[in-house]
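Visitor: The number in the numbering used here is simply the position in the sequence shown, starting from 1, with 694 added.
The beta-carbon is built from N, C-alpha and C at its ideal position, and this holds for glycine as well.
The model shown is predicted, which means the values in this text are computed figures rather than measured ones.
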Amino acid sequence: TEQKDYYSIIWPQLVLEEEKTNYQKKVDFGLIFIPNEGSDPYMNAKEFFWLEESSIGFRWGMGRRKITWSQLDSDWGLGVWQPVLAYNYLRPIEQGTLGLFFDFDKKDHKFQFSISPYTIPSQTAKISEQDGFVQSSNRWFVDPISDLGLNGVKTNIKYSLEFPSFMEIISHPSVATSYYTTFQSSHWWFRASLAYKPMNHLHLYVKQPTLKSSLTDSYIDVEVVPAVLYHSLATIESGFINENLEGYISLSVDQPENTPLEDVWLEMPTNKTYILGSKGRFRLSNLGWSRSFVSLAAFKIIDETGNDQGLVTPKDDSFSDIEITFDRYKFRDAVSLGIEIGSEKYLGLYGDIKMLKSFSAQGEALIANIKYSWTQQWQAFLELDVIGHDSYEGQSFFNKYRTNDSVSGGVKYVF
């Protein structure tokens, strides 16, 4: 795959919002053009919805709307509850839930309900298949294995992708509900969310490889079948917030439903997982930095079978020595330390840095941003991504993308 060392991005984004006592309207929609990857843009459709007050005291509306089903999922960009746009896997952009919405608010209690006949999944690197090769110009795409030693002979692999149509992908209904409450006598809050919906990523099946021969060549034919799978989700979270300190703990249960296909040789793990995590965030007011924060966060994904690295092996003995990472999660644990700095003198200057470490994936990353707005219309920004790895062995996230360090900068203008 031809991938370049430099990228340019053109990113028009339309943001409109109007909110009054009895209704709310919002559009946050954009297209991300990356000329290095071709003419097809990524769709950054975070939100486009309207809500209005009904005559019996609840709000209802429709569109695509970001809802905090799980604070942990939103903070880490896991894409379990809501889809993400991940043309850059290290900086996923959370997208909203599509559907009809019903909000019931009474004093310190809030009920939310969503139902939809359609579901838009997460977006990742754009790929294509040509002459048996899977390719992408996105630097976050890693070429699949292209040959195997078969009976001592190097044999090429050719892939065929059976992509479903767009309507086949999105025509899957979903339902979700959430309850949130705050306690008047303290700063504590509690949330519980339930859902039955399609998973936000496409599940991949690899059918039984077959050895094919022609007059000039012998090769292994591998058929990859993307599919939409459902899962049941449950989350409970509790936290606190005051002027200088906030934090929470979170537990989610993710139970996929697998519909087996015939002749499946390899597939993503579909075991039940438990997602545990917590976060604390402290305002540095005592140091005179009221616009600056320090945060510490962690999460751990526990597989009920003990497969905590997403490893899979073929379902027969033909390639019994193969063991690869083929997972629906980027990595299954992480600890992060974050620092946010807002200048007290220059209100338009803001910076943040996050350092994260994954023990199971044997790697670390540094993600940093600096922004400066000198008027309400103009903003300049600088971004830095550095990826480290503890071992050259294996196929962990950090090992696969260890060459994806980057520095980027740009200018934003608001009309």
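Can you determine whether any heavy atom of the ligand FMN sits closer than 7 Å to the C-beta of Phe-1092, and answer yes or no?
Guide: Judged by which ligands are present, the structure shown has none, so any question about the ligand FMN falls away.
Visitor: Which of the three DSSP states, helix, strand or coil, is assigned to Phe-723?
Guide: Against the sequence shown, residue 723 aligns to sequence position 29. It is a strand residue.
Visitor: Applying the criterion that 16 or more other CB atoms from any shown protein chain within 10 Å of the CB defines a buried residue, is Phe-1092 buried or exposed?
Guide: Counting from one through the sequence shown, the residue named residue 1092 turns up at place 398. So Phe-1092 ends up on the buried side.
Visitor: Mark Thr-999 as exposed unless 16 or more other C-beta atoms lie within 10 angstroms of its C-beta, in which case mark it buried.
Guide: By 1-based counting over the sequence shown, the position of residue 999 is 305. Answer is exposed; the Cβ neighbour count stays below 16.
Visitor: Going by CA-CA distance only, name the one from Phe-934, Gly-755, Ser-984, Leu-960 that's closest to Leu-898.
Guide: Residue 898 sits at position 204 when you count from the first residue of the sequence shown. It is Leu-960 whose Cα lies nearest to the Cα of Leu-898.
Visitor: Is the beta carbon of Phe-987 less than 8 Å from the beta carbon of Leu-981?
Guide: Counting from 1 along the sequence shown, the entry for residue 987 is found at position 293. Counting from 1 along the sequence shown, the entry for residue 981 is found at position 287. Not a contact, by the Cβ cut-off of 8 Å.
Visitor: How long is the line joining the alpha carbons of Ser-830 and Leu-725, rounded to whole angstroms?
Guide: Working through the sequence shown from its first residue, we reach residue 830 at position 136. Working through the sequence shown from its first residue, we reach residue 725 at position 31. Taking the straight line from one Cα to the other gives about 19 Å.
Visitor: With C-beta atoms as the reference, is Ala-739 less than 8 Å away from Phe-723?
Guide: By one-based count along the sequence shown, residue 739 stands at place 45. By one-based count along the sequence shown, residue 723 stands at place 29. Cβ distance < 8 Å, so Ala-739 and Phe-723 count as in contact.
Visitor: Tell me the residue span of the alpha helix (DSSP H) that contains Asp-767.
Guide: Taking the first residue of the sequence shown as 1, we reach residue 767 at position 73. First-last of the alpha helix (DSSP H) with Asp-767: 765-770.
Visitor: Count the other C-beta atoms from every protein chain shown that fall within 10 angstroms of the C-beta of Val-778, then say buried if there are 16 or more, exposed otherwise.
Guide: Working through the sequence shown from its first residue, we reach residue 778 at position 84. Result: buried.
Visitor: Please name the residue in Tyr-913, Leu-766, Phe-857, Ser-984 whose C-alpha comes closest to that of Lys-1039.
Guide: Sequence index remark: in the sequence shown, residue 1039 carries index 345 (1-based). Comparing Cα positions, the closest option is Ser-984.
Visitor: In whole angstroms, what is the alpha-carbon distance linking Lys-1048 and Ile-1035?
Guide: For the purposes of this step, residue 1048 is identified with residue 354 of the sequence shown, where counting begins at 1. For the purposes of this step, residue 1035 is identified with residue 341 of the sequence shown, where counting begins at 1. Each residue's alpha carbon lies about 12 Å from the other.
Visitor: What does Glu-753 pair with, by DSSP beta-bridge criteria?
Guide: As a first step, residue 753 must be located in the sequence shown, where it is residue number 59. The amino acid occupying residue 753 in the given sequence is Arg; Glu does not appear at that position. According to DSSP, Arg-753 bridges with Glu-747, Asp-797.
Visitor: Looking at the secondary structure, which residues open and close the alpha helix (DSSP H) in which Glu-862 lies?
Guide: As a first step, residue 862 must be located in the sequence shown, where it is residue number 168. Here the alpha helix (DSSP H) through Glu-862 covers 860-864.
Visitor: I'd like the list of long-range same chain contacts for Ser-1030, defined as Cβ closer than 6 Å, with 5 residues on each side in sequence excluded.
Guide: Indexing the sequence shown from 1 puts residue 1030 at position 336. Excluding residues within five positions, the ones whose Cβ falls inside 6 Å are Ala-991, Lys-1048, Leu-1050.
Visitor: Would you give the residue range spanned by the alpha helix (DSSP H) that Phe-1091 belongs to?
Guide: Counted from its first residue, the sequence shown places residue 1091 at position 397. From DSSP, the alpha helix (DSSP H) with Phe-1091 extends over 1091-1094.
Visitor: Expressed to the nearest angstrom, what Euclidean distance is found between the alpha-carbon atoms of Gln-1124 and Gly-773?
Guide: The first residue shown for the chain is 695 and the last is 1109, placing residue 1124 beyond what the model contains.
Visitor: Would DSSP call Asn-952 helix, strand or coil?
Guide: Counting from 1 along the sequence shown, the entry for residue 952 is found at position 258. Note: Asn-952 maps to coil in three-state DSSP.
Visitor: Would you call the CB atoms of Ser-808 and Ala-870 closer than 8 Å?
Guide: Indexing the sequence shown from 1 puts residue 808 at position 114. Indexing the sequence shown from 1 puts residue 870 at position 176. Cβ atoms of Ser-808 and Ala-870: closer than 8 Å.
Visitor: Return the Cβ separation of Ser-868 and Lys-848 in integer angstroms, given the expectation that the two are a contact with Cβ distance under 8 Å.
Guide: Taking the sequence shown and counting its residues from 1, one reaches residue 868 at position 174. Taking the sequence shown and counting its residues from 1, one reaches residue 848 at position 154. Going by Cβ atoms, the distance from Ser-868 to Lys-848 rounds to 46 Å, so no, they are not a contact pair.
Visitor: On the DSSP bridge list, what partners appear for Lys-994?
Guide: Numbered from 1 along the sequence shown, position 300 holds the residue referred to as residue 994. Paired residue(s): Leu-970, Asp-1027.
Visitor: For Phe-993 and Leu-923, what's the separation of their Cα atoms in angstroms?
Guide: Here residue 993 refers to the residue found at position 299 when the sequence shown is read from its first residue. Here residue 923 refers to the residue found at position 229 when the sequence shown is read from its first residue. Distance between the alpha carbons of Phe-993 and Leu-923 is about 24 Å.
Visitor: Does Pro-892 come out as helix, strand or coil in the three-state DSSP assignment?
Guide: Along the sequence shown, one-based indexing puts residue 892 at 198. Of the three classes helix, strand and coil, the one that applies to Pro-892 here is strand, per DSSP.
Visitor: Give the range of the beta strand (DSSP E) segment to which Tyr-913 is assigned.
Guide: For the purposes of this step, residue 913 is identified with residue 219 of the sequence shown, where counting begins at 1. Residues 912-921.
Visitor: Have a look at Asp-802, Gln-776, Phe-805 and flag the residue whose alpha-carbon is nearest the alpha-carbon of Thr-791.
Guide: What you label residue 791 is simply residue 97 of the sequence shown in a count that begins at 1. Per the Cα distances, Gln-776.
Visitor: Taking Trp-834 and Asn-1098 to be in contact with their CB atoms under 8 Å, please state how far apart those CB atoms are, rounded to whole angstroms.
Guide: The residue labelled residue 834 in the question sits at position 140 within the sequence shown. The residue labelled residue 1098 in the question sits at position 404 within the sequence shown. At roughly 7 Å, the Cβ-Cβ gap stays under 8 Å, so Trp-834 and Asn-1098 are in contact.
Visitor: How would you label Gln-824, buried or exposed, when you count the other beta carbons within 10 angstroms and need 16 or more for buried?
Guide: Residue 824 sits at position 130 when you count from the first residue of the sequence shown. Gln-824 comes out exposed.
Visitor: Under 7 Å Cβ to Cβ from Asp-1015, same chain only, skipping five residues before and after it: list those, please.
Guide: Along the sequence shown, read from residue 1 onward, the residue named residue 1015 stands at position 321. Residue confidence for Asp-1015 is low, a pLDDT of 48 falling below 50, so the modelled location carries little weight; the figure read from the coordinates is stated next. Excluding positions up to five away in sequence, the list is empty.
Visitor: Distance, Cα to Cα, Trp-705 vs Ser-1067?
Guide: Residue numbering aside, residue 705 sits at position 11 when the sequence shown is read from its first letter. Residue numbering aside, residue 1067 sits at position 373 when the sequence shown is read from its first letter. For Trp-705 and Ser-1067, the distance between alpha carbons rounds to 18 Å.
Visitor: Assign Val-1108 to one of three DSSP states: helix, strand, or coil.
Guide: Stepping through the sequence shown from its first residue, residue 1108 is reached at position 414. Correct three-state label for Val-1108: coil.
Visitor: Could you give the DSSP three-state label for Asn-716: helix, strand or coil?
Guide: Taking the first residue of the sequence shown as position 1, residue 716 is located at position 22. Asn-716 falls in the coil class under three-state DSSP.
Visitor: Determine the burial state of Asp-734: buried for a count of at least 16 other Cβ atoms within 10 Å of its Cβ, exposed for fewer.
Guide: As a working note, residue 734 is residue 40 in the sequence shown. Flag for Asp-734 reads exposed.
Visitor: From what residue to what residue does the beta strand (DSSP E) around Met-1049 run?
Guide: Against the sequence shown, residue 1049 aligns to sequence position 355. Looking at the DSSP string, the run of the beta strand (DSSP E) that includes Met-1049 is 1043-1052.
Visitor: Looking at Tyr-781: is its Cβ nearer than 8 Å to the Cβ of Asn-832?
Guide: Numbered from 1 along the sequence shown, position 87 holds the residue referred to as residue 781. Numbered from 1 along the sequence shown, position 138 holds the residue referred to as residue 832. Contact: yes.
Visitor: On a CA-only basis, which of Leu-927, Pro-903, Asp-911 is nearest Val-919? Give me that one, please.
Guide: The residue you call residue 919 lines up with position 225 of the sequence shown. Closest option to Val-919, Cα to Cα, is Pro-903.
Visitor: To the nearest angstrom, how far is the alpha carbon of Glu-940 from that of Gly-971?
Guide: Stepping through the sequence shown from its first residue, residue 940 is reached at position 246. Stepping through the sequence shown from its first residue, residue 971 is reached at position 277. If you take the alpha carbons of Glu-940 and Gly-971, they lie about 15 Å apart.
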